[in-house]
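There are 2 protein chains.
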Amino acid sequence: MRIAIDGMGGDNAPLEIVKGCVEAAKLIDEDLIIVGDREQIQNELDKYEYNPSQITILHAEDVITNDDAPVRAVRTKTESSLVKGLVLVKEGQADLFVSAGNTGAIMAGGLFILGRIQGIDRPAIAATYPVLGKGVALLVDSGANVECKPNNLLEFATMGSIYMQKVLDVEDPTVGLVNIGTEETKGTTVIKAAYELLQKSSINFIGNIEARDVPKGTCDVIVCDGFVGNVILKLTEGLAWTIFKLVKTKFTEGLLSKMGALLLAGKLKELKSEFDYSEYGGAPILGVKGAIVKMHGSSGSTAVKNAILRGIPYVRNNVVQTIQDSVLELEEVIISE
Amino acid sequence: MRIAIDGMGGDNAPLEIVKGCVEAAKLIDEDLIIVGDREQIQNELDKYEYNPSQITILHAEDVITNDDAPVRAVRTKTESSLVKGLVLVKEGQADLFVSAGNTGAIMAGGLFILGRIQGIDRPAIAATYPVLGKGVALLVDSGANVECKPNNLLEFATMGSIYMQKVLDVEDPTVGLVNIGTEETKGTTVIKAAYELLQKSSINFIGNIEARDVPKGTCDVIVCDGFVGNVILKLTEGLAWTIFKLVKTKFTEGLLSKMGALLLAGKLKELKSEFDYSEYGGAPILGVKGAIVKMHGSSGSTAVKNAILRGIPYVRNNVVQTIQDSVLELEEVIISE
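So the protein lines, in turn, are chains A and B. Using the numbering used here, you'd call the opening residue of the first sequence number 13 and step up by one each time. Using the numbering used here, you'd call the opening residue of the second sequence number 13 and step up by one each time.
Here is the structure:
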């Protein structure tokens with residue numbers, strides 16, 4: 013398997029990206045192709061011991077930044093690391109593309125360069141959501157589609173179930189629909205219609221879930237539109253940050269507390285790592301004809317390493333093909349409406 | 013001032029409701045009218061020392077439960093504590109109504125019995141959101157209107173600003189619009205149109221905010237539709253619960269940690285109370301012709317007491333009238349579109 017990595021995407025590129033590639037390479041047999049400015053990337057690589065036949069560079073002149081308008085950037089910056097990486101996948105020269113770059117451009121590139129899986133109306137970003145003490149759930153859509161139709165939510169549920177099964181080894185994953193109450197009659201017109209579609213489908217739909225249940229691990233796949241998904245993801249991030257900061261402040265007030273804090277330092281660190289997105293290996297883009305994993309823009313080397321590692325079963329276990337195979341059934345559910 | 017309290021609404025009624033009334037009465041001169049089953053309420057009152065000329069009972073035969081369909085319940089259960097309490101406000105026999113009952117029924121009752129303020133299309137629930145270490149922000153709408161038009165969001169912003177100013181003494185409160193990014197071009201069609209309206213209005217609009225900024229106290233008034241508001245409120249609740257539970261588990265593993273936990277017990281308690289909704293005194297319903305404060309269904313006596321206390325400046329500082337006075341300006345902004 014060959015994995016293309018966007019060497020120039022994200023806040024810490026190429027430094028942390030290259031470091032993450034070197035770390036990942038030690039653990040796997042796969043070949044890594046880092047796409048980006050050859051000189052900069054080689055300079056970073058030279059800091060480490062690595063196998064030059066396992067890690068190679070594909071030079072790319074240009075970079076798509078976070079300030080670039082996604083569609084325009086993908087159309088015009090054809091020499092960018094992001095576009096060249098996706099073209100590698102398109103042409104079968106790589107099996108997976110991993111990037112911490114401009115999210116909109118990754119989505120647009122996925123759509124224009126790889127194309128949608130036929131029958132999937134809206135590809136989605138599936139973020140892994142840390143369920144404290146229980147591993148992860150999958151949040152689909154986590155930001156790609158701010159406005160959704162009921163059939164899009166059914167697609168998200170189906171693609172998320174397949175990913176959970178194939179990549180995270182969850183048998184018959186449970187699916188919940190984010191709503192303002194658990195009753196069938198709650199929510200917007202779109203949510204109510206999606207509820208009916210989900211109930212008719214063959215996925216393991218457990219019904220509506222409230223946002224308070226999201227962190228408790230009530231279901232394996234959390235389905236919502238991209239606006240709500242973005243709110244869930246970012247609020248979780250902001251709130252965890254705020255609480256940990258407050259815990260730290262509180263626990264270092266006064267001498268007794270300082271002693272307590274000292275004793276608990278290790279535990280606090282453990283807690284923080286349970287909340288650390290970088291442990292969870294990025295967010296797959298589901299619904300395009302090829303495997304893409306999107307990382308957080310601020311990803312460090314651990315996040316890069318984990319995104320690469322998580323990408324391997326995504327390719328090996330044929331997630332893209334399985335989604336393609338599920339489309340017919342999806343259409344039956346939608347048409348029976 | 014006379015304050016009507018729904019003696020039968022919520023999970024802990026009448027016990028905690030009555031206890032909260034007795035606690036509040038000790039701190040204020042206002043008269044309290046507890047509406048509900050006379051015998052049950054009197055039994056509870058008899059447990060405490062109280063001034064029977066300050067706390068009186070208005071008997072109500074019936075109760076609206078959480079299982080009741082809101083509109084139907086308000087129309088048919090005319091002898092319920094909820095309806096009778098609102099009628100007291102309608103008829104000028106009370107200045108404020110406080111209830112921990114069925115949220116939908118409180119909204120429906122507000123609309124049918126008190127009526128909308130003319131020019132306000134959609135009344136909203138304004139929840140106080142704990143900003144750790146900094147007091148509170150106001151989240152409008154926190155669940156009453158799952159689908160909104162741009163002008164509704166402008167109304168929420170205006171009413172929220174007035175409440176923040178009049179009740180929480182925040183001068184020129186800042187207003188943020190919840191969106192998936194801070195750029196003006198982000199979000200749904202409704203959000204983009206609301207952004208333009210907010211920018212034209214005279215409120216202190218700081219632009220889009222991301223959900224990660226909500227707990228950090230980036231602004232005083234957080235504006236969103238009721239679906240997103242519900243997600244924010246419930247996710248905060250669920251996540252805080254999960255994190256505190258995890259902190260507790262982690263901190264009681266092993267002997268050293270147990271010692272640390274013991275030393276920190278007081279601090280943990282302080283932390284939890286910063287997150288305790290009951291400290292913040294309920295959620296005002298804004299946009300109806302009368303003052304209503306809705307409490308969490310599981311409110312205990314402290315929450316009841318605080319809701320009553322917070323309700324006093326809501327009435328005394330003429331929030332309802334000020335909202336009414338702002339309507340003309342609101343209409344100018346909307347019409348200039």
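Even for Gly, the Cβ is constructed at its ideal location relative to N, Cα and C. Since we're looking at a predicted model, the values are computed, not measured.
Discussion item. Nearer than 7 Å: is that true of the beta carbon of glutamate 35 (chain B) relative to any heavy atom of the ligand ATP?
Written reply: For the ligand ATP, the structure offers nothing, since it holds no ligand at all.
Item to complete: Mind checking the stretch 304-338 of chain B against chain A and listing, in chain order, the residues whose C-beta falls within less than 7 Å of any C-beta there?
Response: Hits within the stretch: zero.
Worksheet item: Would you say asparagine 216 (chain A) faces chain B, with C-beta separation under 8 Å as the test?
Response: At a cut-off of 8 Å between beta carbons, asparagine 216 (chain A) makes no contact with chain B.
Item to complete: Select from A:Glu208, A:Val158 and A:Phe217 the residue whose C-alpha is nearest the C-alpha of valine 345 (chain A).
Response: The alpha carbon of valine 345 (chain A) has as its nearest neighbour, out of A:Glu208, A:Val158 and A:Phe217, the alpha carbon of A:Glu208.
Discussion item. If I follow the unbroken beta strand (DSSP E) through glycine 188 (chain A), where does it start and stop?
Written reply: Where glycine 188 (chain A) is concerned, the enclosing beta strand (DSSP E) stretches over 186-190.
Fill in: Rounded C-alpha distance that separates glycine 122 (chain B) from lysine 31 (chain B)
In a straight line, the C-alpha of glycine 122 (chain B) is about 25 Å away from that of lysine 31 (chain B).
Worksheet item: With 8 Å set as the bound, which would you pick, yes or no: does the beta-carbon of threonine 248 (chain B) sit closer than that to a beta-carbon of chain D?
Response: Among the protein chains in the structure shown, which are A and B, there is no chain D.
Worksheet item: Start and end of the alpha helix (DSSP H) containing threonine 88 (chain B)?
Response: Note, threonine 88 (chain B): alpha helix (DSSP H), 82-88.
Practice prompt. Taking all protein chains shown into account, decide if arginine 134 (chain B) is buried (16 or more other Cβ within 10 angstroms of its Cβ) or exposed.
Written response: Residue environment: arginine 134 (chain B) is assigned as buried (16 or more neighbouring CB atoms within 10 Å of its CB, all protein chains considered).
Discussion item. Does the structure place the stretch 144-161 of chain A close enough to the stretch 255-265 of chain A that three or more beta carbon pairs sit under 8 Å?
Written reply: Because the criterion of three Cβ pairs below 8 Å is not met, the stretch 255-265 of chain A and the stretch 144-161 of chain A do not touch.
Fill in: Nonlocal neighbours in the same chain, by C-beta distance under 7 Å from glutamine 211 (chain B), ignoring five residues either side
If we look at glutamine 211 (chain B) and ignore the five residues flanking it on each side, its Cβ neighbours are Phe217.
Fill in: Partner residues on chain A for arginine 224 (chain B), Cβ-Cβ distance less than 7 Å
Going along chain A in sequence order, the residues near arginine 224 (chain B) (Cβ under 7 Å) are Lys246, Leu247, Glu249 and Gly250.
Item to complete: Report yes or no: is there a C-beta of chain A within less than 8 Å of the C-beta of glycine 83 (chain B)?
Response: Checking the sequence shown, residue 83 (chain B) turns out to be valine, not glycine. Among the residues facing chain A, valine 83 (chain B) is not included, as its CB has no counterpart in that chain under 8 Å away.
Discussion item. So the candidates are A:Val226, A:Gln52, A:Glu249 and A:Gly48; which of them puts its Cα closest to the Cα of histidine 308 (chain A)?
Written reply: When only C-alpha atoms are compared, the closest one is A:Glu249.
Discussion item. Using the three-state DSSP reduction, which class does glycine 116 (chain A) fall into: helix, strand or coil?
Written reply: Helix.
Worksheet entry | Neighbour-count burial assignment, serine 214 (chain A), 16 or more Cβ in a 10 Å radius | By the 16-neighbour rule on beta-carbons within 10 angstroms, serine 214 (chain A) is exposed.
Worksheet entry | Spatial distance of glutamine 67 (chain A) from alanine 37 (chain A) (CA atoms) | The sequence given here has isoleucine at residue 67 (chain A), not glutamine. Looking at the two C-alpha atoms, the distance is approximately 8 Å.
Worksheet entry | Buried or exposed by the 16-neighbour rule on C-beta atoms within 10 Å, applied to serine 111 (chain A) | Counting every other CB atom within 10 Å of its CB across the protein chains shown gives serine 111 (chain A) a total of 16 or more, marking it as buried.
Discussion item. Using 8 Å as the cut-off, can you tell me whether the stretch 72-79 of chain B makes contact with the stretch 103-119 of chain B, which would need three or more C-beta pairs spanning the two stretches below that distance?
Written reply: Yes, the stretch 72-79 of chain B touches the stretch 103-119 of chain B.
Discussion item. If I follow the unbroken alpha helix (DSSP H) through aspartate 18 (chain B), where does it start and stop?
Written reply: Counting along the chain, aspartate 18 (chain B) falls outside any alpha helix (DSSP H), though it belongs to the beta strand (DSSP E) covering 14-18.
Worksheet item: Any Cβ of chain B within less than 8 Å of the Cβ of asparagine 220 (chain A)?
Response: Chain B contact via Cβ: absent.
Practice prompt. Quick one: residues in its chain with C-beta nearer than 6 Å to the C-beta of asparagine 191 (chain A), no 5 flanking neighbours on either side, listed in chain order?
Written response: Once the five neighbours on either side are set aside, the close Cβ partners of asparagine 191 (chain A) are Lys198, Gly199, Ile203 and Asn220.
Item to complete: Check the DSSP bridge columns for lysine 306 (chain B) and list the partner residues they point to.
Response: In the DSSP output, where bridge partners are listed per residue, lysine 306 (chain B) has B:Ser111 and B:Ala295.
Discussion item. Rounding to the nearest angstrom, what Cα-Cα distance links threonine 186 (chain A) and leucine 180 (chain A) in this structure?
Written reply: Near 13 Å, if we compare the C-alpha coordinates of leucine 180 (chain A) and threonine 186 (chain A).
Worksheet item: Mind listing which residues of the stretch 139-170 of chain B have their C-beta closer than 7 Å to chain A's C-betas, in chain order?
Response: Taking 7 Å as the Cβ-Cβ cut-off against chain A, the residues of the stretch 139-170 of chain B that qualify are Leu144, Gly145, Gly155, Val158 and Glu159.
Fill in: Nearest neighbour of asparagine 329 (chain A), chosen from A:Leu108, A:Ser311, A:Ala138 and A:Pro142 [CA to CA]
Taking the Cα of asparagine 329 (chain A) as reference, the smallest distance to any Cα among A:Leu108, A:Ser311, A:Ala138 and A:Pro142 is reached at A:Leu108.
Practice prompt. Indicate the three-state DSSP secondary structure (helix, strand or coil) for valine 47 (chain B) in the structure shown.
Written response: The answer is strand: DSSP assigns valine 47 (chain B) an E or B state.
Practice prompt. Identify whether alanine 206 (chain B) lies in helix, strand or coil by the three-state DSSP scheme.
Written response: In this structure, alanine 206 (chain B) counts as helix in the three-state DSSP scheme.
Worksheet item: Where does valine 300 (chain A) sit, in a helix, a strand or coil, going by DSSP?
Response: DSSP places valine 300 (chain A) within a strand segment (E or B) once states are collapsed to three.
Worksheet item: In chain order, what residues of the same chain lie with their CB nearer than 8 Å to the CB of threonine 334 (chain A), ignoring the 5 residues before and after it?
Response: The beta carbon of threonine 334 (chain A) sits closer than 8 Å to the beta carbons of Ile174 and Lys178 from its chain, once the five residues preceding and following it are set aside; these are given in chain order.
Worksheet item: With 16 other CB atoms within 10 Å as the buried threshold, where does alanine 117 (chain B) fall?
Response: Around the Cβ of alanine 117 (chain B), a 10 Å sphere holds 16 or more other Cβ atoms; the residue is buried.
Worksheet item: Apart from the five residues on each side of it in sequence, which residues of its chain come closer than 6 Å, Cβ to Cβ, to glutamate 42 (chain B)?
Response: These residues qualify, in order along the chain: Met13 and Ile15.
Discussion item. Taking the beta carbon of lysine 301 (chain B) as the centre, do at least 16 other beta carbons fall within 10 Å, making it buried, or is it exposed?
Written reply: Buried, since its Cβ has 16 or more Cβ neighbours within 10 Å.
Fill in: Under 8 Å between C-beta atoms of alanine 138 (chain B) and leucine 298 (chain B)
Yes, they are a contact pair.
Item to complete: For my contact list, aspartate 225 (chain A) and methionine 176 (chain A) are in at a C-beta cut-off of 8 Å; report their separation, rounded to the angstrom.
Response: Taking C-beta atoms under 8 Å as the contact rule, aspartate 225 (chain A) and methionine 176 (chain A) fail to qualify, at a distance of about 17 Å.
Discussion item. Which same chain residues end up closer than 7 Å to phenylalanine 168 (chain B) when comparing Cβ atoms and leaving out the 5 residues on each side of it in sequence?
Written reply: Ala136, Val152, Asp153 and Val235, listed in sequence order.
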